[in-house]
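Beneath this line is the structure, given in structure tokens, with notes to follow.
Residue numbers (this note's numbering): 184 to 385.
As structure tokens, then:
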């Protein structure tokens with residue numbers, strides 16, 4: 184019996200959707216994942232994920248999984264558990280790294296949405312707050328780059344977030360003061376799964 188298709192609802196420009204796609208490919212599950220283009224403004228999304236956020240993963244039996252960290256956990260289980268260590272000391276740093284990268288991506292997405300508001304409605308204070316999160320996260324990754332030597336859910340999340348910074352926030356110029364992180368990212372960006380899921384040119 185052929186393996187069932189998993190429907191991934193989301194946009195190709197979302198860093199969280201890209202993270203899930205990269206994870207699936209690294210686990211050898213890429214062929215089972217069908218990307219269903221879905222915007223957060225789609226009312227149908229709210230019937231699947233009450234939060235109205237992407238990604239959401241629809242299983243063959245109609246079960247919906249969200250958010251991206253939960254989907255990563257499911258895919259890792261499906262793929263043999265190679266990207267998330269089992270419960271114990273080795274697991275926590277991977278989860279913390281994924282949480283850091285996801286938080287940085289959240290801040291970056293917030294800034295994109297805020298800048299789409301009419302100029303008079305934008306909050307400079309809110310943008311500064313989110314930019315601070317992005318910069319502090321970058322500094323932490325630079326300081327901890329020696330720990331990013333293994334391929335896991337955390338390092339995938341970090342690489343995808345840095346790619347999103349390049350895509351949506353080129354003005355950030357994050358490489359200038361973080362040479363070790365820049366070198367690490369270049370080694371990750373050339374992986375086949377990262378190349379296959381790169382967002383379109385802005």
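Every residue, glycine too, gets a C-beta built ideally from N, C-alpha and C.
| Item | Value |
| --- | --- |
| Rounded Cβ spacing between residue 243 and residue 187 (contact assumed at less than 8 Å) | 4 Å |
| Residue 193, DSSP secondary structure in three states | strand |
| Bridge-paired residues (DSSP) for residue 216 | 189 |
| Residues near residue 222 in its chain [Cβ-Cβ closer than 7 Å; skip 5 each side] | 194 |
| At least 3 beta-carbon pairs within less than 8 Å: the region 340–348 vs the region 208–219 | no |
| For residue 343 and residue 236, believed in contact at Cβ under 8 Å, the rounded distance | Not quite, the Cβ-Cβ distance comes to about 16 Å (not below 8 Å), so this is no contact. |
| Distance between residue 247 and residue 226 (C-alpha atoms, nearest Å) | 16 Å |
| Nearest-angstrom Cβ-Cβ length linking residue 283 and residue 323, presumed shorter than 8 Å | 7 Å |
| Distance, residue 250 Cα to residue 393 Cα | Residue numbering for the chain in the displayed model covers 184 to 385; residue 393 lies beyond these limits and cannot be assessed. |
| C-alpha distance - residue 192 paired with residue 329, whole-angstrom precision | 34 Å |
| N-terminal and C-terminal residue of the beta strand (DSSP E) that residue 240 is part of | 239–241 |
| Element boundaries [alpha helix (DSSP H), containing residue 260] | 251–261 |
| Residue 356 burial status per 10 Å Cβ neighbour count (16 or more: buried) | exposed |
| For residue 247, the residue or residues it bridges with in DSSP | 241 |
| Burial state of residue 296 (16 or more Cβ within 10 Å) | exposed |
| Cβ-based burial, residue 368 [other Cβ within 10 Å; buried from 16] | buried |
| Where residue 255 falls, given that 16 or more other Cβ within 10 Å makes a residue buried | buried |
| Per-residue burial, residue 386 [other beta carbons within 10 Å of its own, 16 or more giving buried] | No information on residue 386 is available, as it lies outside the stretch 184 to 385 that the chain covers here. |
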